[in-house]
Amino acid sequence: MDTDLYKLLKSQRISKEHICYFLYQVLRGLKYIHSANVLHRDLKPSNLLINASCDLKICDFGLARVNDPEHDHKGLLTEYVATRWYRAPEIMLNSKGYTKSIDIWSVGCIFGEMFSCRPLFPGKHCILFA
Numbered sequence: 349m350d351t352d353l354y355k356l357l358k359s360q361r362i363s364k365e366h367i368c369y370f371l372y373q374v375l376r377g378l379k380y381i382h383s384a385n386v387l388h389r390d391l392k393p394s395n396l397l398i399n400a401s402c403d404l405k406i407c408d409f410g411l412a413r414v415n416d417p418e419h420d421h422k423g424l425l426t427e428y429v430a431t432r433w434y435r436a437p438e439i440m441l442n443s444k445g446y447t448k449s450i451d452i453w454s455v456g457c458i459f460g461e462m463f464s465c466r467p468l469f470p471g472k473h474c475i476l477f478a
């Protein structure tokens, strides 16, 4: 792969047609991943590889986990999930029972960033609860 979406966003403005094509590919890839009951848990622009033909691949499954609703995964679903800017609210609020929706939230943040050319929710601190 030639580059990643993070580098592409830093170097140029992306056309609406390319944004739609990239979003389509991310959602198709995520549908496939989720059909195997896998949560990626770290979707962000630098984990979306793009080649010269605009083919997009999802990478970095280091935080990925199987999400089987028939089993208790409380010990496997860790609190540290996703880069803060793309982290779903339920994770920020320390929910232990998150679902595939955390990846969808991240895709929404990436989609907004492609249009605005800046992160939607940049931040330096997480919410701490006693």
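Residue 349 is where the sequence shown starts when you use this note's numbering, and the numbers rise one by one after that.
Positions of the beta carbon are idealized from the N, C-alpha and C atoms, including for glycine.
| Check | Outcome |
| --- | --- |
| So, at 8 Å on beta carbons, what are the nonlocal neighbours of Leu357 in its own chain, with the 5 sequence-adjacent residues on each side left out? | Pro393, Glu461, Met462, Cys465 |
| Please classify Arg435: is it buried, with 16 or more other beta-carbons within 10 angstroms of its beta-carbon, or exposed? | buried |
| In terms of alpha-carbon separation, which member of Val386, Met349, Asp352 lies closest to Phe409? | Val386 |
| Is Pro393 near the ligand GDP, in the sense that its beta carbon is under 7 Å from a heavy atom of that ligand? | The model on display carries no ligand, and the ligand GDP is accordingly not part of it. |
| Once DSSP output is grouped into helix, strand and coil, what is the label at Arg432? | helix |
| Where does Ile450 sit, in a helix, a strand or coil, going by DSSP? | helix |
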